[in-house]
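Going letter by letter, the sequence shown gives residues 1 to 566 in UniProt numbering. Encoded as structure tokens, the structure appears first; notes follow it.
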Amino acid sequence: MNWGLFTGNPAVIQVYTIPEFYYACQPVESLLQSTLKCFYDDQDCLSIIINFYNVSSFNNFTRLNSSSHASRFMRNSTISSLLSEMFIESWSESTNYSSYFAQCQPSSCSYTIAQRNSLLETLTTIVASPLSHVVRVGTKVRDWFKKVNVFEDTNRTITIQQQCVATRVYLLLLVISLFIVVLYTSLIYYLNTFTITKPSLEQYQQLQQRYGSDAVSCPCSRPSITHSSFITLQCEFHPVCTSLFISDLYLQELFQLYNDLDLTYATTNAFTLQGTIFSYFQALAALCNLVNDFVNDAEQQYLVSSIISTLMIDSDLFEKETNASLIEFQSALPNSFLNSLQIIRGLTQGNGFVSAYSTNWYYITKNIVLGAMLYLKPQYYGSDMCNCATSSTCTQSSTPYIKGYLVGCTPLESLLQSTLECLYEQSCIDLLTTYLNMSLSNHLVPLNKSETRFSSNGTVNSIVQEMFVETCSSNVSYNQFFEECKPDYCSVTILEPGSFIIVITTILGLYGGLTTFLKLVVPFLVFSTYKLIRKYKQRAQVGVQQFLAQAQAQQRVPSQVSLPPK
């Protein structure tokens, strides 16, 4: 039904109907079904309301911008639809890689470079190898080197000397070529990979220690592993949650005490210890049960969630990741609970719920007759006359006075602002026994201060902020995580220089082709060189002979002398 402005009897005179603003059974339901059309700057609705109530503070209201660019929501959108979008117009995000690096704060960085051995290291290796034994038989090798002839031929055009020279050149080039091959293969690094099937945890850790975590890769047979398979959680709560103060037997006795009160004085009972103590401990028991259920449900949700791990990780990284996950879980838990509790508190006040204990509102009537109109009036607390109609946090000390015990608009709000210090002192509990005149009170045992981390004079709200949790312990098993990962194999990849076997294999592979090539090229080059030298010598000899012949011929010719005429 539409809201309206009325004068006199609402059934007779209606001055103005507020467009698209409705009322229902509860204020919150009324709000959710309404729209904000009345509050835009191109509407006269808000001006009519301000003029009707004639309240000066209303003139400070800022109207909503009617421009289509001011909001992504339609003007006729219900508040329920706005709430479903959390009233968010737009999201703006800014990522900062520098800040991410600052939060990461790596303690160290490691890198791998494929680097060849130096020439000095290689020469040292070669000299220290079995080749050093060859030096000891140098004389025999030198003699053999002088006599060896791999190009022996019966062709007399090629002398034995030429054949020996060609052999020496061939052997020299062969040794140099093999040395280059050995040097090259020993300087090159090779990726060597080997695999271990069905490794145990001990084998995996040995591989990690020997080769490093970067070289060892063990794919998990189960990439998705639930937290419950390797983590157990256990939380302990404030001792009041397991005490006799919130037991069913004690609450039943407190309820009987309240039930025996004269309801004629319900308005004033809201300020007394006898009229509120049942609701006080009932609210405390409800909070303890709510927190316990909330924590247990959150633990179950966390434990059934999974960690995605395609590869088995080392124990250090495992510990860091699980600790970070548990810290995140434990830090987010109170916020979730407090948000839910705050919603309950807000809805209670916003919907104007009337407490059954007359602590926030009480009924009055002008005429005690059949069908008389009942009116609600708010309660006032404290010397400042705090009004429960406008604030749900109004409190004052109870009558009679009990240390730390407050009464207020609702049992929950008064409990949150109270303290539990009376429950730690036997004298205060004895005083409660006297005021309440209860048989069970004689069996109440005070709380032990040494069993809690909270201050005895701290408010209940400060304990609720920590969800009544004293300690939360976790047991994380790396062995169980390995069993759940259960790698079928582990592969180890290492970068290492060529081994002696690789060098020998390479030499044998190249030896045949290398010797064939040298046997074809070396004799041709050596014999061709000898031919060129022989031709050059022959030409030189012919030239010398011709020069000598000319010189001798000139010496044999007689000299011609000219005689003068007679």
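Beta carbons: idealized from backbone N, C-alpha and C, even for Gly. Everything numeric in this text was worked out from a predicted model, so none of it was measured.
key: Runs of beta strand (DSSP E) wholly within the segment 179-243 (minimum 3 residues, chain order)   = If we require 3 residues or more, the beta strand (DSSP E) runs fully inside the segment 179-243 come out as 189-197, 224-226 and 231-237.
ask   = Does the beta-carbon distance from Pro106 to Gly350 come in below 7 Å?
value = No. Outside cutoff.
inquiry  = Please identify the residue among Thr159, Arg168 and Val240 whose C-alpha is closest to the C-alpha of Arg534.
reply    = The shortest Cα separation from Arg534 among Thr159, Arg168 and Val240 belongs to Thr159.
query = Is Ser306 near Pro411, with beta carbons less than 7 Å apart?
reply = No, the Cβ-Cβ distance between Ser306 and Pro411 is not below 7 Å.
key: Cβ-heavy atom distance, Gln282 to the ligand FMN, below 6 Å   = Questions concerning the ligand FMN fall outside what the structure shown contains, since it holds no ligand whatsoever.
query = With respect to the beta strand (DSSP E) encompassing Asn475, which residues constitute its N-terminal and C-terminal limits?
reply = Counting along the chain, the beta strand (DSSP E) containing Asn475 begins and ends at Val469 to Val476.
message = Do Leu431 and Leu447 have their beta-carbon atoms positioned less than 7 Å apart in this structure?
response = For Leu447 and Leu431, no; Cβs fall outside 7 Å.
query = Who are the Cβ neighbours of Ser224 in its own chain at under 7 Å, not counting the five residues just before and after it?
reply = Cβ contact annotation for Ser224 (same chain, cutoff 7 Å, sequence separation greater than five): Ser306 and Ile308, in chain order.
ask   = How would you write the range of the beta strand (DSSP E) that Glu85 sits in, first residue to last?
value = Run containing Glu85: none; DSSP gives neither H nor E here.
query = Of all the beta strand (DSSP E) runs that stay within the bounds of the segment 387-463, which reach a length of 3 or more residues?
reply = 395-397 and 406-408, all fully within the segment 387-463.
request  = Pull up the DSSP beta-bridge partners for Cys490, would you.
outcome  = Per DSSP, Ile196.
ask   = With which residues is Lys366 paired in a DSSP beta bridge?
value = Note: Lys366 is not bridge-paired with any residue in the DSSP secondary-structure output.
inquiry  = If contact is defined by three or more beta carbon pairs under 8 Å, each pair taking one atom from either stretch, is the segment 496-514 in contact with the segment 195-215?
reply    = Contact between the segment 195-215 and the segment 496-514 is absent, because fewer than three Cβ pairs lie under 8 Å.
Sheet register partners of Tyr100 (DSSP bridge) = Beta-bridge pairing links Tyr100 to no other residue.
key: Straight-line Cα distance separating Asp248 from Ser229   = Distance between the alpha carbons of Ser229 and Asp248: 37 Å.
Nonlocal neighbours in the same chain, by C-beta distance under 8 Å from Thr459, ignoring five residues either side = Hits under 8 Å: Leu416, Gln417, Ser418 and Thr419.
query = Going by the beta-carbon positions, is the gap between Thr35 and Asn76 smaller than 7 Å?
reply = In this structure, Asn76 lies closer than 7 Å to Thr35 by Cβ.
ask   = Just the Cα atoms here: how many angstroms apart are Ser355 and Ile429?
value = The alpha-carbon atoms of Ser355 and Ile429 are separated by roughly 27 Å.
task = Could you name the residues that DSSP lists as bridge partners for Lys377?
result = In the DSSP secondary-structure assignment, Lys377 is bridged to Tyr362.
key: Separation of Leu178 from Ser186, as counted between CA atoms   = Computed Cα separation, rounded: 12 Å.
Alpha-carbon to alpha-carbon, Ile463 and Val469 = Distance between the alpha carbons of Val469 and Ile463: 8 Å.
task = Using alpha carbons as the reference points, say which of Gln274, Asn360, Ser456 and Thr268 lies closest to Leu436.
result = The option with the nearest alpha carbon to Leu436 is Gln274.
Short Cβ contact (7 Å threshold) for Thr452 with His238 = Cβ atoms of Thr452 and His238: closer than 7 Å.
query = Rounded to a whole number of angstroms, what is the C-alpha to C-alpha distance between Pro497 and Ile176?
reply = About 21 Å.
message = Does Glu496 come out as helix, strand or coil in the three-state DSSP assignment?
response = Three-state result, Glu496: strand.
request  = Answer yes or no: do Val181 and Val526 have a C-beta to C-beta separation smaller than 7 Å?
outcome  = No, Cβ-Cβ distance for Val181 and Val526 is not below 7 Å.
key: Under 7 Å between C-beta atoms of Cys490 and Cys235   = Taking C-beta atoms as the reference points, Cys490 and Cys235 fail to come closer than 7 Å.
For Ser306, the first and last residue of its enclosing beta strand (DSSP E) = Counted as a single uninterrupted DSSP element, the beta strand (DSSP E) harbouring Ser306 occupies residues Ser306 to Ile308.
inquiry  = Suppose you measure from the CA of Pro10 to the CA of Met86; what does that come to, to the nearest Å?
reply    = The predicted position of Pro10 is uncertain, since its pLDDT is 48 and thus under 50; a value taken from the coordinates is nonetheless stated next. Their Cα atoms are separated by approximately 35 Å.
inquiry  = I'd like to check one pair, Cys38 with Phe21: are the Cβ atoms closer than 7 Å?
reply    = It is a contact, given that the beta carbons lie within the stated cut-off.
message = Cutting at 6 Å between CB atoms, please list the residues of its own chain near Gly404, excluding the five before and the five after it.
response = Within the same chain, Gly404 has close Cβ partners Ser418, Thr419, Glu421 and Cys422.
query = Taking all protein chains shown into account, do 16 or more other C-beta atoms lie within 10 angstroms of the C-beta of Leu233, making it buried, or fewer, making it exposed?
reply = Looking at its Cβ environment, which holds 16 or more other Cβ atoms inside 10 Å, Leu233 is buried.
query = What does Thr78 pair with, by DSSP beta-bridge criteria?
reply = Bridge partners of Thr78: Thr35.
Cβ-Cβ separation, Leu518 to Tyr170 (assumed contact under 8 Å), whole Å = Tyr170 to Leu518, Cβ: 5 Å. Contact.
message = Given this structure, state the Cα-to-Cα distance separating Ser414 from Pro487, to the nearest angstrom.
response = Cα to Cα, Ser414 sits roughly 58 Å from Pro487.
message = Helix, strand or coil, according to DSSP, for Thr159 in the structure here?
response = In the structure shown, Thr159 sits in coil (DSSP, three-state: anything other than H, G, I, E or B).
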